[in-house]
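A.B. asks: Let me begin by handing over the structure; questions about it come next.
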Amino acid sequence: MKNFMEKCCSECWHTPENQCQYFVQCCTEGPLCHHSDECTAKIKEYNAQLLFKKHDEPVIFIGAGTCGLAAGAAKVEETIKTELAKHNINATIIRTGCIGYCAREPIVDIKLPNGERIAYCEVTPKLVPKLVQTTIIDGGVLESNLLGSHERKSEICSSLYDNPFFALQKKIVLENCGIINPDSIDAYIANGGFRGINKALKLMTNEEVVKEILDSGLRGRGGAGFPTGKKWELAMKQKSDTKYIICNADEGDPGAFMDRSVLESDPYKLIEGMMIAGYAIGANFGYIYCRAEYPLAISRLTHCIEECEKYGILGENILNSGFNFRLKIKKGAGAFVCGEETALIASIEGKRGMPKPRPPFPVVAGLWGKPTVINNVETLANISSIINKGAEWFASVGTDRSRGTKVFALSGKIVNTGLVEIPMGITLEDVVFKIGGGIPFNKKFKAVQIGGPSGGCLPMSVIQTPVEYETLKEVGAMMGSGGFVVMDEDTCMVDIARFFLNFIKDESCGKCVPCREGTKRMLEIIERIPVAYDDKNDKTDQLNRFKGIIGLKRLAEVIKDTSLCGLGQSAPNPVLSGLKYFKDEYEEHLFDRHCRAGVCKELLTFSIDNTLCTGCGLCKKKCPNEAIVGQKGEGHFILQDKCIQCGMCLETCRFCAINVN
Numbered sequence: 029m030k031n032f033m034e035k036c037c038s039e040c041w042h043t044p045e046n047q048c049q050y051f052v053q054c055c056t057e058g059p060l061c062h063h064s065d066e067c068t069a070k071i072k073e074y075n076a077q078l079l080f081k082k083h084d085e086p087v088i089f090i091g092a093g094t095c096g097l098a099a100g101a102a103k104v105e106e107t108i109k110t111e112l113a114k115h116n117i118n119a120t121i122i123r124t125g126c127i128g129y130c131a132r133e134p135i136v137d138i139k140l141p142n143g144e145r146i147a148y149c150e151v152t153p154k155l156v157p158k159l160v161q162t163t164i165i166d167g168g169v170l171e172s173n174l175l176g177s178h179e180r181k182s183e184i185c186s187s188l189y190d191n192p193f194f195a196l197q198k199k200i201v202l203e204n205c206g207i208i209n210p211d212s213i214d215a216y217i218a219n220g221g222f223r224g225i226n227k228a229l230k231l232m233t234n235e236e237v238v239k240e241i242l243d244s245g246l247r248g249r250g251g252a253g254f255p256t257g258k259k260w261e262l263a264m265k266q267k268s269d270t271k272y273i274i275c276n277a278d279e280g281d282p283g284a285f286m287d288r289s290v291l292e293s294d295p296y297k298l299i300e301g302m303m304i305a306g307y308a309i310g311a312n313f314g315y316i317y318c319r320a321e322y323p324l325a326i327s328r329l330t331h332c333i334e335e336c337e338k339y340g341i342l343g344e345n346i347l348n349s350g351f352n353f354r355l356k357i358k359k360g361a362g363a364f365v366c367g368e369e370t371a372l373i374a375s376i377e378g379k380r381g382m383p384k385p386r387p388p389f390p391v392v393a394g395l396w397g398k399p400t401v402i403n404n405v406e407t408l409a410n411i412s413s414i415i416n417k418g419a420e421w422f423a424s425v426g427t428d429r430s431r432g433t434k435v436f437a438l439s440g441k442i443v444n445t446g447l448v449e450i451p452m453g454i455t456l457e458d459v460v461f462k463i464g465g466g467i468p469f470n471k472k473f474k475a476v477q478i479g480g481p482s483g484g485c486l487p488m489s490v491i492q493t494p495v496e497y498e499t500l501k502e503v504g505a506m507m508g509s510g511g512f513v514v515m516d517e518d519t520c521m522v523d524i525a526r527f528f529l530n531f532i533k534d535e536s537c538g539k540c541v542p543c544r545e546g547t548k549r550m551l552e553i554i555e556r557i558p559v560a561y562d563d564k565n566d567k568t569d570q571l572n573r574f575k576g577i578i579g580l581k582r583l584a585e586v587i588k589d590t591s592l593c594g595l596g597q598s599a600p601n602p603v604l605s606g607l608k609y610f611k612d613e614y615e616e617h618l619f620d621r622h623c624r625a626g627v628c629k630e631l632l633t634f635s636i637d638n639t640l641c642t643g644c645g646l647c648k649k650k651c652p653n654e655a656i657v658g659q660k661g662e663g664h665f666i667l668q669d670k671c672i673q674c675g676m677c678l679e680t681c682r683f684c685a686i687n688v689n
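For the sequence shown, the working numbering begins at 29 and goes up steadily by one.
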């Protein structure tokens, strides 16, 4: 882009007062210099080439986020290169990020000169020769792997939005994900990138930027939903020679991958959002706190920061505005508690990640005692669009209390796993059954766990609940950062509570007693529920379990009210929602000694159907406790007093002779 600008208008480019202004404003078709007619035409032509709206050879887009690479996108790319060379075809191959449809990866888009961008899903190396022959050589469409209709619906991406997975989505944060090359700063600029920071620096004061975010109604997408503009306003008003902006990308929720996908697929959007935030509050330095388990995200962020520095978009005197801003990546070690603001700050400072009592809040005394604003990835990725299109535009999306969109990571027992961005106010039912495609294998829906390990499990009875901050709290869940785990009839809710409590207990920093000790006691009570009775102490065990359940809710409320940080305060949510909506399932475990999902092995009874047993002896050989007896060639039996319910016989039997009750 810079070389093009030097050729296009070298006089303006080399004029110090116009250098950066001309570069960015021309590239985004904003106010131009005195060569506007000539430059506008050339810029439009060049941008069209960058976005592959105009090209002379085939362009192949390959989804190369973590999900795509895990599904085999790298092997598909190598096979495509080999096949193109075999047919002597010149084509451009572009690695994009994840478009969100993780269930159908690898996804490959092919765009022929003057043709439409056609998306293919579940592409394997074996399919590549047929794909190249049908689409590139013959100019046809391979219907078997087509992702949606190939009718054009926008100038950037066709073929997708007729698909039910995309039909109800509204893309703001994810608008570039899977569409452009995430490593290319030129492609980002050509697609409207850095228009927001240019507008903020050239046309707005920092007070006006803060007011725009306040008026938009944007709330923090990290979980609590605190108004973003209010947080910025508090930090802006602090008198200090140094301020900081921190991006919290320490995504630790099981089943969550929203931040990772944004960082891998559109890192420049985050960088631009952080720059605008820095300008608004008066910060000249920012940190991106990203967990080290995201190597691809960190690699792409590092590259993009270097590119921004080369272009003069990061550094000193940005766009000749007098504004200085630099960014640094801080790798997190994977501690879940470091997602909490004060623990994250401690980690950046080189200390053990442990929460601190508040006040003072970080906006007053944060990193190294200086005013600090901490927003998560999704929050910051909304900023440039709000500044570009205005607060009124953003506020028109969603509901009065929850404006804009929310990104969710759909996972669990659902057909369409992946990343979705939905307008606030859409119901849970629409997300599960329309976007998510429902439950696979004709199983029944049981619950959706929303809000991460500290969220609640919601049943079918509240499936019509709108996705809003307040309404989710009313039914016992929380928005959280965006985890959305779907469960079917084969899920045991007692086992789910045990899983999340075990996770929270392990991730507790141990600083405060309610969280450190309370979560352990809750876990002990839950773990006692499915344990088999001791014949000698049958009544005693039953009484102890009953007492535990009675005290569980009271203990949960104490932990919720007295814990130091949000981790402990929300830790009891999975248990409380379980007791509220799935009380009958807890009672079955407690009194009937029955697990309807067949998950709690301690409550299962294994037996052998002698009408099916061939006496092969394989289950007897594999049994770790010698609980199976019988002669070879004859029916076998399980000694119940020796059976430890390990399930090895069930996994081993090739004749379906093992019954489980």
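Where is the CB? At the ideal position from N, CA and C, for every residue including glycine.
According to DSSP, which residues form a beta bridge with Pro-494?
C.D. replies: Thr-455
A.B. asks: Please name the residue or residues paired with Pro-487 in a DSSP beta bridge.
C.D. replies: Ala-475
A.B. asks: Within the continuous alpha helix (DSSP H) that includes Ser-412, where are the two ends?
C.D. replies: 405–417
A.B. asks: Let's test the definition: count the other Cβ atoms within 10 Å of the Cβ of Val-435 and tell me whether it reaches 16, buried, or not, exposed.
C.D. replies: buried
A.B. asks: Among residues of its own chain, excluding the 5 on either side of Phe-89, which ones have a beta-carbon nearer than 6 Å to its beta-carbon?
C.D. replies: So the qualifying residues of the chain are Ile-122, Thr-124, Asp-137.
A.B. asks: Where Thr-330 and Tyr-339 are concerned, what is the direct C-alpha to C-alpha distance, given to the nearest angstrom?
C.D. replies: Cα to Cα, Thr-330 sits roughly 15 Å from Tyr-339.
A.B. asks: In chain order, which continuous runs of the alpha helix (DSSP H) of length 4 or greater are located wholly inside the region 88–174?
C.D. replies: 94–98, 101–114, 156–159
A.B. asks: Assign Val-711 to buried or exposed, taking buried as 16 or more other Cβ atoms, counted over all protein chains shown, within 10 Å of its Cβ.
C.D. replies: The chain is shown from 29 up to 689; residue 711 falls before or after that span and cannot be answered.
A.B. asks: Just tell me which of Asn-348, Gly-504, Ile-402 has its CA closest to the CA of Ala-371.
C.D. replies: Measuring from the Cα of Ala-371, the nearest candidate turns out to be Ile-402.
A.B. asks: Could you give the first and the last residue of the continuous alpha helix (DSSP H) run that contains Glu-337?
C.D. replies: In the DSSP assignment, Glu-337 falls within the alpha helix (DSSP H) that extends over 323–338.
A.B. asks: Kindly give me the distance between the Cβ atoms of Glu-279 and Arg-319, rounded to whole angstroms, as I take these residues to be in contact under 8 Å.
C.D. replies: 6 Å
A.B. asks: Where do the N-terminal and C-terminal ends of the beta strand (DSSP E) with Asp-516 fall, by residue?
C.D. replies: 511–516
A.B. asks: Can you give me the C-alpha to C-alpha distance between Ala-69 and Phe-473, rounded to a whole angstrom?
C.D. replies: The alpha-carbon separation between Ala-69 and Phe-473 amounts to approximately 55 Å.
A.B. asks: Just to confirm, are Gly-594 and Ser-482 a CB contact at a threshold of 9 Å?
C.D. replies: Their beta carbons are under 9 Å apart, which means Gly-594 touches Ser-482 by this criterion.
A.B. asks: From what residue to what residue does the alpha helix (DSSP H) around Asn-234 run?
C.D. replies: 234–244
A.B. asks: Looking at the structure shown, is Glu-662 part of a helix, part of a strand, or coil, going by DSSP?
C.D. replies: coil
A.B. asks: Over the uninterrupted alpha helix (DSSP H) stretch that includes Ala-263, give me the two end residues.
C.D. replies: 256–264
A.B. asks: Please return the same chain residues whose Cβ sits closer than 8 Å to the Cβ of His-617, not counting the five positions on each side in sequence.
C.D. replies: So the list reads Val-522, Ile-557, Pro-558, Cys-623, Cys-628, Leu-631, once near-sequence residues are dropped.
A.B. asks: Since Asn-345 is in the beta strand (DSSP E), which residue starts that stretch and which ends it?
C.D. replies: For Asn-345, the enclosing beta strand (DSSP E) starts and ends at 343–346.
A.B. asks: Is the separation between the beta-carbon of Thr-163 and that of Ile-146 shorter than 9 Å?
C.D. replies: yes
A.B. asks: Measuring only the C-alpha atoms, how far is Met-302 from Lys-533?
C.D. replies: Rounded to whole angstroms, Met-302 to Lys-533 spans 33 Å at the Cα level.
A.B. asks: Apart from the five residues on each side of it in sequence, which residues of its chain come closer than 6 Å, Cβ to Cβ, to Asn-404?
C.D. replies: Arg-249, Gly-250, Asn-276
A.B. asks: Applying the criterion that 16 or more other CB atoms from any shown protein chain within 10 Å of the CB defines a buried residue, is Arg-386 buried or exposed?
C.D. replies: Exposed, because fewer than 16 other Cβ atoms sit within 10 Å of the Cβ of Arg-386.
A.B. asks: Kindly indicate which three-state DSSP category Ser-692 falls into: helix, strand or coil?
C.D. replies: One cannot answer for residue 692 here, as it falls past the ends of the chain, which runs 29 to 689.
A.B. asks: Kindly provide the ranges of any beta strand (DSSP E) runs that are 3 or more residues long and lie completely inside the region 356–406, ordered along the chain.
C.D. replies: 400–404
A.B. asks: Please work out which residues of its chain come closer than 7 Å, Cβ to Cβ, to Gly-360, disregarding the five sequence neighbours upstream and downstream, and give them in chain order.
C.D. replies: Excluding sequence positions up to five before and after Gly-360, its CB lies within less than 7 Å of the CB of Asp-278, Tyr-317, Cys-318, Arg-319, Ala-320, Cys-366, Ser-375, all in the same chain and listed in chain order.
A.B. asks: What first and last residue would you give for the alpha helix (DSSP H) that runs through Asn-226?
C.D. replies: 223–231
A.B. asks: Using 10 angstroms around the beta-carbon of Cys-684, count the other beta-carbons present and answer buried if the total reaches 16, otherwise exposed.
C.D. replies: exposed
A.B. asks: Count the other CB atoms within 10 Å of the CB of Phe-353; is the residue buried (16 or more) or exposed (fewer)?
C.D. replies: buried
A.B. asks: Rounded to the nearest angstrom, how far is the Cβ of Ile-553 from that of Lys-198, given a contact under 8 Å?
C.D. replies: Actually they are not in contact, since the Cβ atoms of Ile-553 and Lys-198 sit about 43 Å apart, beyond 8 Å.
A.B. asks: On the CB-based measure, 16 or more other CB atoms within 10 Å of its CB, does Ile-304 come out buried or exposed?
C.D. replies: Burial call: buried.
A.B. asks: Determine contact between the region 342–350 and the region 220–237, defined as no fewer than three beta-carbon pairs at a distance below 8 Å.
C.D. replies: yes
A.B. asks: Beta strand (DSSP E) containing Leu-438: first to last residue?
C.D. replies: 433–440
A.B. asks: How many angstroms separate the CA atom of Thr-519 from the CA atom of Thr-455?
C.D. replies: Between Thr-519 and Thr-455, the C-alpha separation is close to 22 Å.
A.B. asks: Consult DSSP for Gly-446 and reduce its assignment to one of helix, strand or coil.
C.D. replies: It is a strand residue.
A.B. asks: Would Trp-260 be called buried (16 or more neighbouring beta carbons within 10 Å of its own) or exposed?
C.D. replies: buried
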